[in-house]
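Right, one structure below, let's go through it.
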Amino acid sequence: MTKWNRDAVSVDRARKQSEREAVRRQRDLLRQIRDQEKADEKEKAFLAWQSHLAEVDVLLSIHREAPAPVDWLKLASALPPAVPTISRARELNALRNHAVRVHPNPALREAEVTKAQSLDAQAFADAQKLHREAVTEWQSTVALARRILARDCAAYTDALVRFSTLQELADLGAELDFTMHTADAVECVLSMKGTQVVPTEAKSLTATGKLAVKPMPRQQFQEIYQDYLCGGVLRVAREAFAVLPIRRILVTASAPTNGGTTVPVLSAAIDRSALDGIDFEKADASDTLDRFSPRGDFKASRKTGAFQAIEPLAFKDIAPVTADTAGIPDLLVRVSAERAAIRIEKETIEEAFTS
């Protein structure tokens with residue numbers, strides 16, 4: 240073998256070795272890509288599973304959220320927003336900066352002080368605008384609070400709109416229609432979405448981290464739907480008792496049939512005192528609502544999965560709440576409202592005499 244041939248073989252070996260290293264590198268990169276894709280698939284599967292659990296949890300936990308009770312007496316006696324005062328902070332800062340300069344520049348001083356004064360004036364104008372808005376809000380809140388304390392039923396709807404967190408139910412497709420029968424009794428028709436709100440598929444993770452999807456078992460589907468309806472009724476009751484000084488609320492949940500017609504499927508009368516002491520963080524919606532002897536047939540149609548239509552409860556079917564039957568929470572609300580009404584009437588009389 241000539242030197243040329245030996246050199247050619249060496250070059251060929253080096254080339255093949257280089258090619259093998261390139262192939263190995265390419266193979267490693269492809270393996271890394273596949274591993275990353277598998278990891279991405281597992282992550283996507285995990286996120287899809289978590290999203291499914293969260294979707295179901297939203298339906299099962301509607302009754303657990305409620306706003307803090309509104310202190311209407313505190314709102315009615317709230318002081319007006321503080322009047323803003325003009326600040327010369329920027330102007331004084333500009334004057335101080337020029338006062339300590341070794342070589343003052345009168346023209347620059349005048350320009351910067353003028354700019355600072357303009358900024359102070361703009362800040363004051365902005366503060367005045369915010370103050371006017373705050374005063375309008377304060378006046379509206381005080382007026383509403385006084386109407387609530389005076390047991391003005393016409394103000395109840397405004398109070399629910401401003402202070403309740405019923406928007407979550409609306410976000411789930413529900414519609415609410417309140418009727419104020421008396422200062423102590425309110426009725427709500429809660430039109431909720433039908434079975435389409437419940438996921439039709441059950442998702443889980445396999446031992447290898449893959450996403451397993453199968454049709455939602457019929458019994459589990461109906462249990463979720465039932466808890467969704469019961470949770471909606473309880474949520475409305477809790478919201479109403481937190482915002483309004485009422486003793487009782489009658490809630491009727493309606494849902495669409497397979498033909499699209501909305502019919503009442505669940506109705507319950509709930510007293511304020513009956514909710515006292517219930518740990519809603521741990522309470523199951525259906526079991527909790529059973530305490531109030533609701534009217535409803537939860538035997539779902541085999542064909543549509545929807546619940547049977549009912550004749551909703553009416554206040555004439557329910558024994559009225561009296562001082563003898565009311566619980567301590569009811570009486571405390573009534574006493575607080577009467578006390579606040581007397582105080583407001585007293586202030587009104589005093590203002591009339593001093594004016």
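For the sequence shown, the numbering used here begins at 240 and goes up steadily by one.
All C-beta atoms, glycine included, are put in the ideal place defined by N, C-alpha and C.
When rounded, the separation of the alpha-carbon atoms in V400 and Y467 is 22 Å.
L314 and L388 have their C-alpha atoms spaced approximately 10 Å apart.
The residue among A398, R486, E376 with its C-alpha nearest the C-alpha of R386 is A398. When the alpha-carbon of H302 is set against those of R530, S525, L286, the nearest one is in S525. Per DSSP, C427 is not a residue of any alpha helix (DSSP H); the beta strand (DSSP E) it occupies stretches across 424-430.
For F402, the enclosing alpha helix (DSSP H) covers residues 395-402. DSSP, read as helix, strand or coil, puts D391 in coil. In the three-state scheme derived from DSSP, where H, G and I count as helix and E and B as strand, P343 is classed as coil. If you ignore the 5 residues before and after V472, its C-beta comes within less than 7 Å of the C-beta of L429, V490, A492, L505, A507, L528, all in its own chain and listed in chain order.
Only residues of its own chain outside the window of five on either side were considered, and among them none has a CB closer than 8 Å to the CB of Q361.
Non-local C-beta neighbours of Q367 in its own chain, meaning closer than 7 Å and more than five positions away in sequence, comprise P323, ordered along the chain. L444: not part of any alpha helix (DSSP H); member of the beta strand (DSSP E) spanning 440-444, first to last residue. DSSP places K521 outside any beta strand (DSSP E), giving it a letter other than H or E. Under the DSSP assignment, A333 falls in the alpha helix (DSSP H) whose first and last residues are 328-338. Residue pairing by DSSP places D510 opposite R487 in a beta bridge. Secondary structure at T501: strand, using DSSP grouped into helix, strand and coil. Burial check for I509: the Cβ neighbour count within 10 Å reaches 16 or more, so the residue is buried.
One Cα belongs to L299, the other to D518, and the distance between them is close to 15 Å.
The C-beta separation of L552 from E478 comes to about 19 Å, leaving the pair out of contact by the 8 Å criterion. G448 places its beta carbon 8 Å or farther from that of A293.
A contact is defined here as three or more CB-CB pairs under 8 Å, and the region 344-354 fails this definition with respect to the region 417-426. Under DSSP, M419 takes part in a beta bridge, and its partners are V425. In this model, R264 and D279 are separated by some 22 Å (Cα to Cα). Here L514 is buried. Its C-beta has 16 or more other C-beta atoms within 10 Å. Close CB contacts of D416 within its chain, under the 6 Å cut and outside five residues either way in sequence, are with V428 (chain order).
Here A494 is bridged, per DSSP, to V502. A check of alpha carbon separations from P320 across C392, L312, E372, E330 identifies E372 as the nearest. For R534, the beta-bridge partners assigned by DSSP are S506. Distances from the alpha-carbon of A494 to those of I485, A522, Y464 put Y464 closest. In chain order, V352, A355, Q356, D359 place their CB closer than 7 Å to the CB of E330, counting only its own chain and leaving out the 5 sequence neighbours on each side.
Taken atom to atom, the span from the alpha-carbon of A305 to that of T500 is near 30 Å. DSSP places L450 in the uninterrupted beta strand (DSSP E) bounded by 450-454. A check of alpha carbon separations from R530 across F546, A287, R511, K555 identifies R511 as the nearest. In terms of Cα proximity to V309, the closest of F402, D410, G516, V437 is F402. Between V381 and A317, the C-beta spacing is below 8 Å.
The continuous alpha helix (DSSP H) containing G470 extends over residues 457-482.
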